[in-house]
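To start, the structure itself, in structure tokens.
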Amino acid sequence: MKQKLINLLIVSGTGRNSGKTTIACELIHRIAKETIITSIKISPHVHTTAEMTKLIHDGVNFRIYQDIDLNPNKDTGRMLLAGSKMSYYIEARDSFVAEAFLKLYEMLKPGSPIICESPALYKFIKPAVFIIADSQIVSNKKADVQVQLQNADMIINIHEKNWQDGLEEIVFHKTGWQVSFKNK
């Protein structure tokens, strides 16, 4: 059984360029007005320490970086620009995603809101809210996308008019992330 984290919101997607970071940044921008947000991006892509600013964990199976660079060309930089107080990048293959995330999770303030962009984390951790970014421009949809779509609290296509409207239903309280409806 997956561990459930009430302070975790995951944004996944049906493939590359589906709008994951755009959705995460829109949520961060809105919620950061009320509370301090931590953002995390998880990917198997290798980065050098210079690119990611500060290496905080260099393990055999994964690396964790803290980004303080307000670079709009990097997803973690975009999250900082949107209002995230702290932004992290986890470099890990799918088989080590849960271990890497939980290592970082131990370092964070207990109960504080986290927005994580990761297609793989949902396989191992149950978030309070799970959002899928979907788009017609994604040609190579991921193999496990149907399972994720069935379990999503919200499916958003950023190419549709007024796509942000559904995000107004997402709130963070002391009891964690909540969404007032299911869009399946």
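Residues 157 to 340 in my numbering are what the sequence shown lists, from first letter to last.
Ideal placement from N, C-alpha and C gives every residue a C-beta, glycine not left out.
Quick caveat, the model's predicted, so the values are computed rather than measured.
query = For Arg172, is the classification buried or exposed, using 16 other Cβ atoms within 10 angstroms of its Cβ as the cut-off for buried?
reply = exposed
message = Excluding the 5 residues flanking Thr331 on each side, which residues of the same chain have their C-beta closer than 7 Å to its C-beta?
response = Ile162
message = At the level of alpha carbons, what is the spacing between Ile179 and Ala289?
response = 7 Å
query = At a cut of 8 Å, does the segment 264-276 reach the segment 213-226 through at least three beta carbon pairs?
reply = no
query = For Ile287, is the classification buried or exposed, using 16 other Cβ atoms within 10 angstroms of its Cβ as the cut-off for buried?
reply = buried
ask   = Taking one C-beta from the segment 234-247 and one from the segment 185-200 each time, how about it: are there three or more such pairs within less than 8 Å?
value = yes
ask   = For Leu226 versus Val253, is the C-beta spacing smaller than 8 Å?
value = no
ask   = Count the other CB atoms within 10 Å of the CB of Ser168; is the residue buried (16 or more) or exposed (fewer)?
value = buried
query = Of the choices Glu324, Gln334, Ser336 and His315, whose alpha-carbon is the least far from that of Gly175?
reply = His315
ask   = Between Asn217, Asp321 and Ile166, which lies nearest to Ser251 when the distance is taken from Cα to Cα?
value = Asn217
request  = Give the single residue among Ile281, Gln302 and Asn307 whose Cα lies nearest to the Cα of Lys160.
outcome  = Ile281
request  = From the DSSP output, read off the bridge partner residues of Leu165.
outcome  = Ile271 and Val285
task = Could you check the C-alpha separation between Gln351 and Asn318 for me, to the nearest Å?
result = Residue numbering for the chain in the displayed model covers 157 to 340; residue 351 lies beyond these limits and cannot be assessed.
inquiry  = Here's the rule: buried if 16 or more other CB atoms are within 10 angstroms of the residue's CB, otherwise exposed. What is Met157?
reply    = exposed
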